[in-house]
Amino acid sequence: LTPLYELVKEVPCSSVKKHYLKQAIEEYTSENDPCKCQPCQNGGEAAVEGTQCVCYCKPYTFGAACELGTLVQDQPGVVDGHWSCWSSWSPCSGGRKSRSRTCNNPSPRGGGKACIGEQRESRPCEDEELQHFRLIEPHCFDLSITPTEFCSPPPLLENGFIQNAENSYPVGKNIVYACRHGYSLVGDPVAKCGSNLQWQVGDRYCHETSCLLPVLEGGLQGEPWKPVYEIGERITLSCPHGMHLEGARSVLCEPSLKWSPDMKTIQCKRPVPSVKPQVTEPKCQPWEKVHQSQCMCKMPYECGPSLDTCATDQRTKRNTPLTVCKMHALECMGRKYSLTNAENCKIPQAAEIPCGSCRSWEKCDAQSNSCVCDEDGTCEEGGIRICVEVSDSAARRTMTECEAGRLKCQGETVTLVSIRPCDVQNK
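Numbering-wise (this note's numbering), the sequence shown opens with residue 71 and increments by one.
Below you can see the structure in the form of structure tokens.
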């Protein structure tokens with residue numbers, strides 16, 4: 071059930087009245103605490119009914135103090151401990167006061183249980199909650215002030231609310247404004263009902279405190295990636311393999327709700343060849359990597375974004391969703407795979423691919439945080455050259471992964487015939 075003092079609301083000075091009612095209930099409860107009663111015998115429980123102490127006896131015991139009869143379930147002679155009443159509060163020392171009680175009403179005997187709870191209690195001398203009410207509702211304490219005049223409801227705050235709203239606002243009443251989540255208060259949060267029945271309120275407004283998701287272009291990748299960022303949060307930037315970051319490595323959500331530095335000053339670039347002759351590294355295939363100045367097979371997981379396909383493992387005869395790069399990498403390591411119909415595998419659609427894994431013919435859609443077709447792309451990074459059949463044409467054509475991907479984006483049916491150019495026979 072709701073405590074009685076919580077029912078005091080929507081009346082003048084309700085917060086102060088609720089505070090005093092709570093104190094009065096606590097005092098009444100302590101005045102009628104069974105700690106003032108003599109202990110009952112044979113494990114009986116003391117209680118106060120009206121102004122009289124009574125004992126509630128255990129089965130097969132009776133009498134005013136449960137002194138008659140015989141205990142059946144409990145061991146005779148076992149007495150559980152009970153607390154004495156709290157002592158009076160001590161004088162204030164260092165801004166605090168204390169009180170104590172003793173486990174001797176009765177003391178535990180014969181293996182009985184000790185008292186449960188704290189033996190000592192301490193609290194501030196001046197109630198902090200009461201101090202707060204003196205500031206917010208001074209008219210509730212000065213009895214010479216009898217509110218007979220009231221202000222109209224206080225002005226509204228856009229994207230905010232009044233913390234201590236009431237039905238009426240007498241002269242001298244203070245209110246406190248606050249802002250909803252995602253906004254912070256700028257200005258004075260306190261307004262007062264003046265003697266002229268007008269609100270004395272300063273300039274204040276709720277200021278938005280979050281930056282929107284930035285647009286990352288040119289291969290830029292960000293971490294963490296989420297719809298909204300609080301002021302002071304950062305996004306760490308990086309580039310795909312083979313490109314380097316030019317500009318700041320992170321951007322900050324500033325109080326202006328803009329990203330700093332400007333995203334236009336940050337981009338991913340391919341490294342510029344050095345003027346001085348360097349040790350020439352071998353030019354490896356996309357499914358290879360350089361190791362000790364030699365090309366060696368990549369592991370499939372080391373492949374970057376590539377055209378999806380479906381292939382059959384010649385050893386296990388299982389269909390596996392792969393990419394052109396991963397299939398080359400597996401064959402490079404001696405595994406044998408053959409292409410099969412795409413329907414035999416579950417191949418992810420572009421909308422299912424998160425930003426950061428987009429292929430060269432796709433771009434990131436910041437609103438959905440997924441990859442979409444890049445209709446304005448130029449396929450500068452063509453990828454691996456493959457052999458395909460387009461739509462209903464039986465003629466086979468050699469093109470790059472990017473060109474095949476763009477045709478798919480345009481609604482063409484592109485069937486992968488070989489992961490190599492048409493004029494190169496499969497191994």
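Ideal Cβ positions, reconstructed from N, Cα and C, are used throughout, including at glycine.
| Check | Outcome |
| --- | --- |
| With 16 other CB atoms within 10 Å as the buried threshold, where does residue 388 fall? | exposed |
| Answer yes or no: do residue 170 and residue 158 have a C-beta to C-beta separation smaller than 8 angstroms? | no |
| In chain order, which continuous runs of the beta strand (DSSP E) of length 3 or greater are located wholly inside the region 134-182? | 166-170 |
| Does the beta-carbon of residue 312 have 16 or more other beta-carbons within 10 angstroms, so that it is buried, or is it exposed? | exposed |
| Leaving out the 5 sequence neighbours to the left and right, which residues in its chain are closer than 8 angstroms to residue 205 when beta-carbon positions are compared? | 244 |
| Have a look at 390, 484 and 132 and flag the residue whose alpha-carbon is nearest the alpha-carbon of residue 110. | 132 |
| Can you name the residues that DSSP bridges to residue 117? | 124 |
| If we call anything under 8 angstroms between Cβ atoms a contact, is residue 409 one with residue 393? | no |
| Does DSSP put residue 298 in a helix, a strand or coil? | strand |
| Can you tell me whether residue 240 is buried or exposed? The criterion is at least 16 other CB atoms within 10 Å of its CB, across all chains shown. | buried |
| Check whether the region 421-431 and the region 395-406 are in contact - that is, three or more C-beta pairs closer than 8 angstroms. | no |
| When burial is assigned at 16 or more other CB atoms within 10 Å of the CB, is residue 319 buried or exposed? | exposed |
| Residue 366 by DSSP, collapsed to three states: which one? | strand |
| Using a Cβ-Cβ cutoff of less than 8 angstroms, which residues in the same chain neighbour residue 187 once the five nearest sequence positions on both sides are dropped? | 153 |
| Assuming residue 194 and residue 165 are in contact, meaning their beta carbons sit under 8 angstroms apart, how far apart are those beta carbons, in whole angstroms? | 6 angstroms |
| Using a threshold of 8 angstroms, state whether the C-beta atoms of residue 85 and residue 234 are closer than that. | yes |
| Taking Cβ positions, are residue 298 and residue 326 nearer each other than 8 angstroms? | no |
| Could you tell me which residues DSSP pairs with residue 231 in its beta bridges? | 248 |
| As a quick exercise: from 370, 432, 414 and 451, pick the residue whose alpha carbon is nearest that of residue 404. | 370 |
| First and last residue of the beta strand (DSSP E) that includes residue 274? | 274-278 |
| Which same chain residues end up closer than 6 angstroms to residue 264 when comparing Cβ atoms and leaving out the 5 residues on each side of it in sequence? | 270 |
| Secondary structure at residue 374, three-state DSSP: helix, strand or coil? | coil |
| What are the start and end residues of the beta strand (DSSP E) that includes residue 458? | 455-460 |
| State buried or exposed for residue 162, treating a residue as buried only when at least 16 other CB atoms are found within 10 Å of its CB. | exposed |
| Cutting at 6 angstroms between CB atoms, please list the residues of its own chain near residue 341, excluding the five before and the five after it. | 314 |
| Whole angstroms is fine: what's the gap from residue 412's alpha carbon to residue 368's? | 24 angstroms |
| Can you give the beta carbon distance from residue 112 to residue 128, rounded, assuming they're within the 8 angstroms contact cut? | 6 angstroms |
| If you check the beta carbons only, do residue 282 and residue 434 fall under 8 angstroms apart? | no |
| Within a Cβ cutoff of 7 angstroms, which residues of the same chain sit near residue 182, ignoring the five residues on either side of it in sequence? | 148, 149, 150 and 151 |
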